[in-house]
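Chemist: Per our numbering, residue 356 is the first one in the sequence shown, and the count goes up by one each step. Positions of the beta carbon are idealized from the N, C-alpha and C atoms, including for glycine. No experiment lies behind these values; they were computed from the predicted model shown.
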Amino acid sequence: MLEASVPALQAQDEGATHADGALLLNAFRIAHPGNAELQAVLLTPARPTEHDSVPLSTSGFLYVPATYTLLDYLLARPAELIEGRRVLELGAGLGLCASVLQQWHPPAARLLATDGDCRVIPLLGGNLCANAGLDGAGHQVLRWGADRVRSSGLAAAWDVVVAADAVFHAHRPDERRDTGRAPSHATTTMISDLLETAAALLDTGGHLVLSVEPRDHLGDGLLTASLFAVAAASGLRCVEARPRRLDGQLRPEWQTDVYVFQPGVHVACPRALTT
């Protein structure tokens, strides 16, 4: 049982059973006092293939505490962030977050799950379809950057943009640090690309909600500073920062923070974000 730091959400992974030689079937039960019980059943690769230069497990094929933290935050504020809203997820992976959100009633006006990894898109679409609500979520490939947003045909018409575990390194993937090894290109996300993409998608008055797990030796101090600096350059201001921790899931020492940004002039976030 995974219990979030705020009791709005309880999520239980029912475990994995083999669907075939290459896929696992995972069942998730999301108990929420405001909307009965939400469930999601998702297929996930059992292991990376020999031909993958980047293991699938490093590219959106894992469930991490940040996903549950993001859901916990959103489900605690449905009137503001879900009901009747146009919601877009960046880096949706296998679609756990979107699969749960699409079952919420009253539903979002529109829900679109995106990911930049073409390998994950077939499973993302299948999982969303298997867990569809009345209308269901859409899905598409979306790589990050303002130019790519424009070429995708998506307009700046989204009320809420969300992402879980999309940022956790504060440096470029080709830079080596004290560890003597470079972090993977697949697992290191450029903060500037993420925030530039969100800024290009958000409508006036919209919200960007990031659930962040800093987990390299640089610590979250540098990551937070980088996040705020790039946000300011992208025309986003931080309006809320909440430290969270999901003890017992994966590595208990991983901190999971929630940051909320809106288009506008940059202002400093509350000091409550520090631990």
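#1: What separation, rounded to the nearest whole angstrom, lies between the Cα atoms of ALA492 and ALA453?
#2: Just checking my contact of LEU591 with LEU563 at CB under 8 angstroms: how many whole Å lie between their CB atoms?
#3: If I measure Cβ to Cβ from ASN486 and keep anything under 6 angstroms in the same chain, skipping five residues before and after, which residues do I get?
#4: Can you tell me where the beta strand (DSSP E) holding ARG441 begins and where it ends?
#5: Taking C-alpha atoms, which residue in GLU568, PHE616, TRP459, PRO598 lies nearest to ALA521?
#6: Taking TYR428 as the reference, which of GLY439, LEU565, SER506 has the closest Cα?
#7: What separation, rounded to the nearest whole angstrom, lies between the Cα atoms of PRO510 and LEU380?
#8: Hey, quick one: how far does the alpha helix (DSSP H) through SER566 stretch, first residue to last?
#9: Which of the three DSSP states is assigned to PRO462 in this structure?
#10: Can you look up VAL522 in the DSSP assignment and give me helix, strand or coil?
#11: Please report the Cβ distance between PRO555 and VAL504, rounded to the nearest whole angstrom; I am assuming they are in contact, meaning their Cβ atoms lie under 8 angstroms.
#12: How big is the Cα-Cα spacing for ALA434 and ASP548?
#13: Below 6 angstroms CB to CB, which residues in the same chain sit around THR422 once its five sequence neighbours on both sides are set aside?
#14: So if DSSP puts PRO598 in a beta bridge, which residue, or which two residues, is it bridged to?
#15: Consult DSSP for VAL475 and reduce its assignment to one of helix, strand or coil.
#16: Does THR424 pass the burial test, meaning 16 or more other C-beta atoms within 10 Å, or should it be called exposed?
#17: Would you say VAL496 and VAL442 are within 7 angstroms of each other, going by their C-beta atoms?
#18: Tell me the DSSP secondary structure of ARG498 in three-state form.
#19: Who are the near neighbours of ALA553 in its chain, counting only those whose CB is closer than 8 angstroms to its CB and skipping five residues on each side?
#20: So, using beta-carbon positions, are VAL585 and LEU550 closer together than 7 angstroms?
#21: Who are the Cβ neighbours of GLY376 in its own chain at under 7 angstroms, not counting the five residues just before and after it?
#22: Please list, in chain order, all residues of the same chain as GLN457 whose beta carbon is under 8 angstroms from its beta carbon, the five residues on each side excluded.
#23: Helix, strand or coil: how does DSSP classify ALA453 here?
#24: Which residue's Cα is closest to the Cα of HIS447: ALA587, GLY471, SER507?
#25: Would you tell me roughly how many angstroms separate the C-alpha atoms of HIS460 and GLU438, rounded to the nearest one?
Modeler: Reading off the structure:
#1: Approximately 7 angstroms, taken between the alpha carbons.
#2: Contact between LEU591 and LEU563 holds, since their C-beta atoms are separated by about 6 angstroms, short of 8 angstroms.
#3: Correct list, in chain order: ALA395, SER454.
#4: Segment 441-444, the beta strand (DSSP E) holding ARG441.
#5: Considering only GLU568, PHE616, TRP459, PRO598, the residue with the shortest C-alpha distance to ALA521 is GLU568.
#6: Of the listed residues, the one whose Cα sits closest to TYR428 is LEU565.
#7: The sequence given here has Ala at residue 510, not Pro. Looking at the two C-alpha atoms, the distance is approximately 35 angstroms.
#8: Membership of SER566 in any alpha helix (DSSP H) is not indicated; the residue belongs instead to the beta strand (DSSP E) covering 557-567.
#9: Residue state, collapsed to three classes: coil.
#10: Coil at VAL522, not helix or strand.
#11: The identity of residue 555 in the sequence shown is Ala, whereas the question assumes Pro. Your pair ALA555 and VAL504 checks out as a contact, with CB atoms roughly 4 angstroms apart and the cut at 8 angstroms.
#12: Near 29 angstroms, if we compare the C-alpha coordinates of ASP548 and ALA434.
#13: Counting only Cβ-Cβ distances below 6 angstroms, and skipping sequence neighbours, we find LEU451, CYS452, ALA519.
#14: According to DSSP, PRO598 bridges with ASP612.
#15: Here VAL475 sits in coil by DSSP.
#16: By the neighbour-count rule (16 or more Cβ atoms within 10 Å), THR424 is buried.
#17: Cβ distance not < 7 angstroms, so VAL496 and VAL442 don't count as in contact.
#18: If DSSP states are grouped into helix, strand and coil, ARG498 belongs with coil.
#19: Around ALA553: LEU445, VAL516, ALA518, LEU563, SER589, LEU591, PHE616.
#20: In terms of Cβ geometry, VAL585 and LEU550 form a close pair [threshold 7 angstroms].
#21: Unreliable positioning characterises GLY376 in this predicted model, as indicated by a pLDDT of 47, which lies under 50. The coordinate reading is nonetheless provided below. Within the same chain, and ignoring the five residues on either side of GLY376 in sequence, no residue has its Cβ closer than 7 angstroms to its Cβ.
#22: Once the five neighbours on either side are set aside, the close Cβ partners of GLN457 are ALA463, LEU466, LEU483, ASN486, ALA487, GLY488, ASP490, GLY491, ALA492.
#23: In this structure, DSSP gives ALA453 a helical state, which the three-state scheme calls helix.
#24: For the sequence presented, residue 447 should be read as Ala rather than His. Comparing Cα-Cα distances from ALA447 to each of ALA587, GLY471, SER507, the minimum goes to GLY471.
#25: Taking the straight line from one Cα to the other gives about 7 angstroms.
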